[in-house]
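Here's the structure we're looking at; comments come further down.
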Amino acid sequence: MEHNFWHSKWQKNEIGFHEPQGNALLVKFADMLLGKTNPSSKPMRIFVPLCGKTRDIHWLLSQGADVVGAELSEVAIKQLFDELGVSPTVTVSSKGKIYSHDGLTVFVGDIFELNEDDLGEVNGVYDRAALVALPETLRRQYTNHLATITRHAPQLIISFEYDQNEMAGPPFSVDENTVQALYSDIFDIQLLERSELVGGLKGKVKANNLVFHLHANNMP
Ligand SMILES: C[S@@+](CC[C@H](N)C(=O)[O-])C[C@H]1O[C@@H](n2cnc3c(N)ncnc32)[C@H](O)[C@@H]1O
Numbered sequence: 501m502e503h504n505f506w507h508s509k510w511q512k513n514e515i516g517f518h519e520p521q522g523n524a525l526l527v528k529f530a531d532m533l534l535g536k537t538n539p540s541s542k543p544m545r546i547f548v549p550l551c552g553k554t555r556d557i558h559w560l561l562s563q564g565a566d567v568v569g570a571e572l573s574e575v576a577i578k579q580l581f582d583e584l585g586v587s588p589t590v591t592v593s594s595k596g597k598i599y600s601h602d603g604l605t606v607f608v609g610d611i612f613e614l615n616e617d618d619l620g621e622v623n624g625v626y627d628r629a630a631l632v633a634l635p636e637t638l639r640r641q642y643t644n645h646l647a648t649i650t651r652h653a654p655q656l657i658i659s660f661e662y663d664q665n666e667m668a669g670p671p672f673s674v675d676e677n678t679v680q681a682l683y684s685d686i687f688d689i690q691l692l693e694r695s696e697l698v699g700g701l702k703g704k705v706k707a708n709n710l711v712f713h714l715h716a717n718n719m720p
């Protein structure tokens, strides 16, 4: 999608993808992302690509994780910090603005501009409504880029599966075969859940939620 598509969505507050209560599947499968026990005394650092103002960031912070986000829309990120009830420090880099407060850092701009040094070390990636937000033409570029800038960190992906003929995206249907085709050269992929999306997608199309865990296949 063009950047203007998303800027306009945020400006008009057309954010049907935003879940005011956060995502229950993150809570259900959080151990896969955060680890049941974290032997290091350092907090886990989780990257949330295309983060919007997701409530899942609030939840991850409440679990003691540090969070790094990337999001095009500054409108979204101002709302994120407002809703967290904190005043961010805003710095300007050559790649855009960086909003931060305590354990939360958000890069405001195009994710494709970020590199691994910008991001720093992350222990996990939480992709909800990010991979599915991108058209097929951008998917391979996104997944290669995401794996590179996170140095093949494990991922928890929440996607949708539905008949693409019944509705134009976004969100696009990203089924198990698609995730395998995009990521199996780097990751072992486990499908953790396939469950019906109650009420259908946008209230009109029958769809399933899919949850995947990805673990680099060259890592212990
Ligand atoms: C479907 S929304 C999902 C937001 C969030 N993950 C959630 O679950 O609520 C996709 C988000 O990706 C952002 N986005 C789209 N393309 C982007 C890009 N190239 N770089 C950074 N953010 C992008 C949009 O502004 C939008 O907020």
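Mind the numbering: the sequence shown is residues 501 to 720 in this note's numbering, read in order.
Beta carbons: idealized from backbone N, C-alpha and C, even for Gly.
- A contact is defined here as three or more CB-CB pairs under 8 Å, and the stretch 671-683 meets this definition with respect to the stretch 633-649.
- Partner residues in the beta bridge of Gly596, as assigned by DSSP, are Ser593.
- Short note on Thr554: C-beta closer than 6 Å to some heavy atom of ligand 1.
- Spanning the alpha carbons of Arg545 and Val590 requires a straight line of approximately 20 Å.
- Shown here for Lys595: same chain residues with a beta carbon closer than 6 Å to its own, the five before and five after excluded, namely Gly609 and Glu613 in chain order.
- The three-state secondary structure of Asp627, taken from DSSP, is strand.
- About 7 Å separates the beta carbons of Glu676 and Leu710, which is inside the 8 Å limit, making them a contact pair.
- By the Cβ rule, the stretch 637-657 counts as touching the stretch 684-701, because three or more pairs are nearer than 8 Å.
- Along the stretch 508-559, the beta strand (DSSP E) occurs as fully enclosed runs of 3 or more residues at 545-549, listed in sequence order.
- Here DSSP, grouped into helix, strand and coil, assigns Ile657 to strand.
- Residue Asn665 holds the alpha-carbon nearest to the alpha-carbon of Lys704 among Leu714, Leu691, Ala530 and Asn665.
- For Leu691, the uninterrupted beta strand (DSSP E) run begins and ends at Phe687 to Glu696, by DSSP.
- The residue from Ala629, Leu604 and Arg628 with its alpha-carbon nearest to that of Val622 is Leu604.
- The beta carbon of Tyr642 sits closer than 6 Å to the beta carbons of Leu634 from its chain, once the five residues preceding and following it are set aside; these are given in chain order.
- With a threshold of 6 Å, the Cβ atom of Ile546 does not count as near ligand 1, since no heavy atom of the ligand is closer than that.
- Ranked by how close their Cα comes to the Cα of Val567, the residues Val527, Asp556 and Glu502 have Asp556 in first place.
- Membership of Val622 in any alpha helix (DSSP H) is not indicated, and neither H nor E is assigned to it by DSSP.
- Phe581 sits in a helix when the DSSP states are folded into three classes.
- Secondary structure note for Glu571: its beta strand (DSSP E) is the uninterrupted segment Asp566 to Glu571.
- The three-state secondary structure of Val711, taken from DSSP, is strand.
- Thr643 carries a helical assignment under DSSP once its states are collapsed to helix, strand and coil.
- When Glu693, Val679, Pro543 and Leu619 are compared, the shortest CA-CA separation from Lys528 is found for Glu693.
- A heavy atom of ligand 1 is found nearer than 6 Å to the CB of Ser573.
- About 5 Å separates the Cβ atoms of Val625 and Phe547, confirming a contact at the 8 Å cut-off.
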